[in-house]
Amino acid sequence: GTDLIYGAVTKTVGGWRHFRMGTVHMGTSLWLAVGSVPGAIMGVIALDGLRSAYGGKGFDSLVLVLVAAALIVTATAVLIRSLLMRRVAERERVELSRADRLAAVITGLVIGFVLAVTSAGSGSLIAVVLILWFQMKPRQVVGTDVFHAAILLWVAGLAHLFDGNVNLSLAGNILVGSLPGVWIGTHYSRRLPDDALRPILGIVLLASGLALLSKAGASISPVIIIGAPLTVAALAFALHRTRAGRAAREHAPVLVAVREPS
Numbered sequence: 405g406t407d408l409i410y411g412a413v414t415k416t417v418g419g420w421r422h423f424r425m426g427t428v429h430m431g432t433s434l435w436l437a438v439g440s441v442p443g444a445i446m447g448v449i450a451l452d453g454l455r456s457a458y459g460g461k462g463f464d465s466l467v468l469v470l471v472a473a474a475l476i477v478t479a480t481a482v483l484i485r486s487l488l489m490r491r492v493a494e495r496e497r498v499e500l501s502r503a504d505r506l507a508a509v510i511t512g513l514v515i516g517f518v519l520a521v522t523s524a525g526s527g528s529l530i531a532v533v534l535i536l537w538f539q540m541k542p543r544q545v546v547g548t549d550v551f552h553a554a555i556l557l558w559v560a561g562l563a564h565l566f567d568g569n570v571n572l573s574l575a576g577n578i579l580v581g582s583l584p585g586v587w588i589g590t591h592y593s594r595r596l597p598d599d600a601l602r603p604i605l606g607i608v609l610l611a612s613g614l615a616l617l618s619k620a621g622a623s624i625s626p627v628i629i630i631g632a633p634l635t636v637a638a639l640a641f642a643l644h645r646t647r648a649g650r651a652a653r654e655h656a657p658v659l660v661a662v663r664e665p666s
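The following block contains the structure:
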């Protein structure tokens, strides 16, 4: 509950900034919310019954493992596409078909429920769908994800607040540092080129997946949780520098000596 209320405030600040910058696909965000809002409410209502039926912590661990697996698989796909493939299929304009709207509602319903039960997966799993199904550009993925998450997290967070599951003092302390961080991060997301944002998305998904596996009880060393994403980041940076150097050489002007007529 505390995690959700804290996230609702940070995502509201980030969502507003992305909305002002024009990186939010409003139609997708709203269709996701059509499913995620009732899903979150159902998740809070069903939480006690689910924990009783599946052994409480055991149920949470199962959900976290499934979410973590989805994140790691998607992170691998995103990193392969961004680092090893030259051209990535992305839509300049996302026109929502009936299948897109249905996919958004179903995705929102499932993720809203999972979020209310575990507090995990709201942003990362929505990003998975925006990347793989809607094929959005990185800036739109981030903006649409953050904007929708603000709606979803307020619904789930307030439901937990009324249920007595929120430590407001702790959430306030964390927000002191987080809100400036969100403001700065949103500012730089607009300045970063797409070639940098793609691997960053993959690295964040990878780190989230490893952290969730650890939270679910897997014996993963903090060195791996931190070191694996940093190693991938170093590789991505090296590849980016190599490609930039090659592109500069290919487009370098050719000097031709012209002899003046006597």
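In terms of the working numbering, the sequence shown opens at residue 405 and continues consecutively.
Virtual Cβ for every residue (Gly too), placed ideally from N, Cα, C.
One Cα belongs to H644, the other to R594, and the distance between them is close to 18 Å. Note on geometry: alpha-carbon atoms of G447 and L556 lie some 12 Å from one another.
Contact holds between the stretch 479-489 and the stretch 607-619, because three or more Cβ pairs, one in each stretch, are under 8 Å apart.
For Q539, the three-state secondary structure derived from DSSP is coil. Considering only A611, R650, V627, A648, the residue with the shortest C-alpha distance to P633 is A611. In this structure the stretch 545-564 lies against the stretch 508-524, because at least three pairs of beta carbons, one per stretch, are closer than 8 Å. Inclusion of F538 and D504 in the CB contact set at 8 Å is warranted, their separation being smaller than that value. When rounded, the separation of the alpha-carbon atoms in L506 and R653 is 47 Å. CA-CA distance, G631 to A640, rounds to 14 Å.
Cβ atoms of A531 and L436 stay farther apart than 8 Å, at about 12 Å. Around the beta-carbon of T590, 16 or more other beta-carbon atoms lie within 10 Å, marking it buried. For H422, the enclosing alpha helix (DSSP H) has its first and last residue at 406-425.
In this structure, A620 places its C-beta atom within 8 Å of the C-beta atom of L468. Contact between S440 and G547 does not hold, since their C-beta atoms are separated by about 17 Å, which reaches or exceeds 8 Å. Its Cα nearest to that of G443, the residue G561 stands out among P626, I578, G561. Note on geometry: alpha-carbon atoms of G585 and P542 lie some 20 Å from one another. I409 and W420 have their alpha carbons spaced roughly 17 Å apart.
Boundaries of the alpha helix (DSSP H) harbouring R595: 572-595, taken from the DSSP string. Distances from the alpha-carbon of L470 to those of G613, H422, V636, V580 put G613 closest. When only Cα atoms are considered, L536 and L500 end up about 15 Å apart.
Cβ-Cβ distances below 8 Å link I510 to G439 in the same chain, with the five nearest sequence neighbours on each side left out; the list follows chain order.
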